[in-house]
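K.L.:
Before I ask anything, here is the structure I am working with.
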Amino acid sequence: MRHFEAPVAASETHRVASVDALRGFNIFWILGADGMIWSFEEMSHSMGPVLGAIGHFLDTQMTHVAWEGFRFYDFIFPLFIFVTGVAIVLSLPRLVEREGKVRAHVRVLRRALLLYGLGLIYYGGISLHWDDIRFVGVLQRIAVCYLFASLVFLNFHLQGIVVALVTLLVGYWALMTFVPVPGIGAGSFVPDANLATWIDAHYLPGRMWEVGRDPEGLLSTLPAIGTCLLGVLAGLLLVDERLQPQQKSLTLIGAGIPLVAAGYLWGLQFPIIKVIWTSSFVLVAGGYSLMLLGASHQIIDVWGFKRWAVPFVWLGANAITLYFINNVLGLDDVLGFERFAMRFVGGDFAALLDRVAIPGAGHFVVCTLGLVFAIALAGFFYRRKIFLRL
């Protein structure tokens, strides 16, 4: 019997609050909380050495590492892909039970294609010249990861999922380590001189994020699928009726700690690099994701402390919709909700706050109000049970 046919507890067949909250926590930073941190860093310059040091630390964590290393901002995207894997386990068994396995495959393919199409629209659609179309990107990578992780989940036992995960991570490491790059050689992990970047530069059509390389490139999507499969494994643990709820939380946290350690150890040979999504990066980000999911499950689902997480649940229930709205409605590098907030507290008002309060206060208020607008819209959708159905 395939694992997806296993009975799922009634409480697990509806939206799981901790999973929505974790997804919402993830999108929370993209919708304005990151701007609040950047503004606080500017404000902290006038707040004394202690708050100045705190502001500098937070600001550093809210910027991507240039190449090798790991910061909080590097964690946001893999966390979302991980939660996508968890959601696969919570949704597909019901679809199989309701419509059958063949129809489930069709629905998975349809969802992936629609999400990929949204990604194309997100970056300007197909109205651009061929060379200017961005065929890869955040939503496109989520679509590909969702597609392949779903197919693995629908067609393999638990052991098969583990084998697929290990094969992707070890296989990617072997390719990056032993396949020589023309003119460079094998085992190079430096910018613009590694196998993943070389493949993108020579075979990736359309517009890349940077000249010569793309953080959502072709080869690096393979280990990203592994990140999604880690989420699938976590989801299988969440719906395992043989475990008590608290056992699930402790198991998730307990599995995350050695995974992070293994990632840093592997990183001594295969560096932790988000831009090319190295296998060590998968383990580090996946380990932290497991720990966060375990903590979220314990606090929200086991202990029942849910009120504080309501805004995150709202955001998480429509994360893709809000992400799309925020970016498509933006203009000139100012994202949609922030741009809308500027209509109320931007311009001279924000400048006045900078003068009479503290430098950076104006932008802090703009970002805060933009985030409030995003949460309010998410709450409106949630209360009326409006969820994006691809």
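The opening residue of the sequence shown carries number 1 in full-length UniProt numbering; numbering runs sequentially from there.
By construction, the Cβ of each residue, glycine as well, lies at the ideal position given by its N, Cα and C atoms.
Remember, predicted model here, so these are calculated numbers, not experimental data.
1. Looking only at its own chain, which residues have a Cβ that is under 8 Å from the Cβ of Gly212, when we skip the five neighbours before and after it?
2. Based on DSSP bridge pairs, tell me the residues matched to Arg103.
3. Quick one: what does DSSP say Ile273 is sitting in, helix, strand or coil?
4. Can the beta-carbon of Gly287 be found closer than 8 Å to that of Ile257?
5. Between Gly360 and Glu42, what straight-line distance do the alpha-carbon atoms span, to the nearest angstrom?
6. Of the residues Val310, Asp74, Arg384 and Phe381, which one's Cα is nearest the Cα of Val19?
7. Sorted by chain position, which residues of the same chain lie with C-beta nearer than 7 Å to Phe373's C-beta, five sequence neighbours on each side aside?
8. For the stretch 80-89 against the stretch 220-239, do three or more pairs of beta-carbon atoms, one drawn from each stretch, fall closer than 8 Å, so that the two count as touching?
9. Cβ of Ala350 within 8 Å of Cβ of His363?
10. Since residue 405 and Leu238 are thought to touch, with beta carbons under 8 Å apart, how far apart are those beta carbons, to the nearest angstrom?
11. Less than 6 Å between C-beta atoms, sequence neighbours within five positions excluded: which residues of the same chain meet that for Trp314?
12. Rounded to whole angstroms, what's the CA-CA distance from Pro180 to Gly187? Just pull it up for me.
13. Under 8 Å, do residue 404 and Met62 count as touching if we go by C-beta distance?
14. At 4 residues or longer, and completely inside the stretch 135-159: list those alpha helix (DSSP H) runs for me, N to C.
P.N.:
In this structure, then:
1. Asp192, Thr197, Asp200 and Ala201
2. In the DSSP output, where bridge partners are listed per residue, Arg103 has none listed.
3. strand
4. In this structure, Ile257 lies closer than 8 Å to Gly287 by Cβ.
5. 5 Å
6. Val310
7. Close CB contacts of Phe373 within its chain, under the 7 Å cut and outside five residues either way in sequence, are with Phe337, Phe340 and Ala341 (chain order).
8. yes
9. yes
10. Residue 405 cannot be examined here, being either before or after the span of the chain that is shown, 1 to 390.
11. Hits under 6 Å: Ala378, Gly379 and Tyr382.
12. 7 Å
13. Any property of residue 404 remains undetermined from this structure, which presents the chain solely from 1 to 390.
14. 138-155
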